[in-house]
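Just add 6 to wherever you are in the sequence shown, counting from 1, and you've got the numbering used here.
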Amino acid sequence: LKSVRALLRLVRSGDEPFCQTENECYKQVSALLAGPREATALIETIDRLAASFPEQSAGGGLDAVRDRLVMRQHELHAGAGLDAAISAAAAACREGLGHIDRLSLPDQPEQAADILAEGARATLRRARKALDKAGSRGEADDFHDLRKAAKTHSMHLSLLGRLWPTPIKARRKAVDALGERLGELHDVFVMRALLDAEAEPLGPPEDTKLLGKLLKRSEKSLRKSSLAEAAELFGDSPKRSTRKLARKARDDLAGAAQEDLAAAAG
7 LKSVRALLRL VRSGDEPFCQ TENECYKQVS ALLAGPREAT ALIETIDRLA ASFPEQSAGG
67 GLDAVRDRLV MRQHELHAGA GLDAAISAAA AACREGLGHI DRLSLPDQPE QAADILAEGA
127 RATLRRARKA LDKAGSRGEA DDFHDLRKAA KTHSMHLSLL GRLWPTPIKA RRKAVDALGE
187 RLGELHDVFV MRALLDAEAE PLGPPEDTKL LGKLLKRSEK SLRKSSLAEA AELFGDSPKR
247 STRKLARKAR DDLAGAAQED LAAAAG
């Protein structure tokens, strides 16, 4: 789903109404699966905390919370709701495949190159904006926006392949690592929100005391490393990077078109 949405963002300026409509559809599909996915991610967060702070968690101070989260996961997976959500998501994806013939993009190499460059540039701008907000304001939503932009950029690197103007393998590896780190930070934010909830879904204070301490330490470390890595990746001008991309894409697409003409003439 994320790959499809990344592709729609990449070519969006070529057919904005189509891409906007389809992207919204796939966004709703993702929302259908968010609950079960989050339930699993929270258990993984507890396990990461235990691995990162082995001495502090050796006494079983995280066990009660983990048991509650496992029960919550089982309840979500055991009900009919998960099967219904998966079926609805699959049906929506099949319907989306049937819409692809409606997408209209230009054939001219210059126009096509500009569309690819604009799609990549828009995501880099989103990443730069989110980075600035995460560094200055530091809200959970700012880091979440940065994560989404990093994930989309990683998929754009995969889709664009050799057209990207810098060595792509090392950059994609770094972007993927940043995405993982920001994902872990997002899970920490979600866990802290549950910890602060009045209904105490994670248990009474005596069961969550250690969790609260470890979450604060983990959040501080993840914030610092994420901001440093993101600054390295998204500190340059999006316009400069994608200008080179557009030039290379234009040359490659023009070359491919000439080869097709030559083959047809032969």
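Cβ coordinates follow ideal geometry from the N, Cα and C atoms, glycine included. Note that the coordinates shown come from a computational prediction; the quantities given were computed from them, not determined experimentally.
My assumption, with CB atoms under 8 Å, is that residue i sits in contact with residue j. Please give the rounded CB distance.
i, j, result
"P210", "L200", "In fact, because the Cβ distance is near 13 Å, the residues do not count as touching under 8 Å."
"L88", "P60", "That belief does not hold up - the Cβ atoms of L88 and P60 are roughly 33 Å apart, past 8 Å."
"A146", "L233", "That pair is no contact at about 14 Å."
"V194", "E225", "5 Å"
"R127", "K245", "7 Å"
"G185", "K157", "5 Å"
"A97", "C31", "So it is not a contact: roughly 11 Å between Cβ atoms."
Thinking C-beta only, is residue j closer than 8 Å to residue i?
i, j, result
"L16", "H159", "no"
"L39", "A86", "no"
"A155", "T129", "yes"
"R223", "L188", "no"
"S19", "I121", "yes"
"H150", "H192", "yes"
"L169", "D258", "yes"
"L13", "S36", "no"
"L48", "L75", "yes"
"L220", "R198", "no"
"Q79", "A45", "yes"
"A123", "T248", "yes"
Quick check on residue i: does DSSP put it in helix, strand or coil?
i, result
"P23", "helix"
"L39", "coil"
"V196", "helix"
"V17", "coil"
"L48", "helix"
"P210", "coil"
- Item | Three CB pairs or more closer than 8 Å across the stretch 180-199 and the stretch 16-30 | no
- Item | In chain order, each alpha helix (DSSP H) run of at least 4 residues that lies wholly inside the stretch 53-136 | 60-63, 69-84 and 86-105
- Please confirm if the stretch 129-139 is in contact with the stretch 237-247, defined as three or more CB-CB distances below 8 Å between the two stretches. yes
- Stretch pair the stretch 102-117 + the stretch 48-59: three plus CB contacts closer than 8 Å: no
- Message: Assess contact between the stretch 242-258 and the stretch 115-124, defined as three or more Cβ pairs (one per stretch) separated by less than 8 Å. Is contact present?
- Response: yes
- Item | Segment contact flag, the stretch 216-225 with the stretch 67-77, C-beta cutoff 8 Å, min 3 pairs | yes
- Query: Which residue spans inside the stretch 216-260 form an unbroken beta strand (DSSP E) run of at least 3?
  - Reply: none
- Query: At what residue ranges does the stretch 136-206 contain a whole run of the alpha helix (DSSP H), taking only runs of 4 or more?
  - Reply: 146-166 and 174-202
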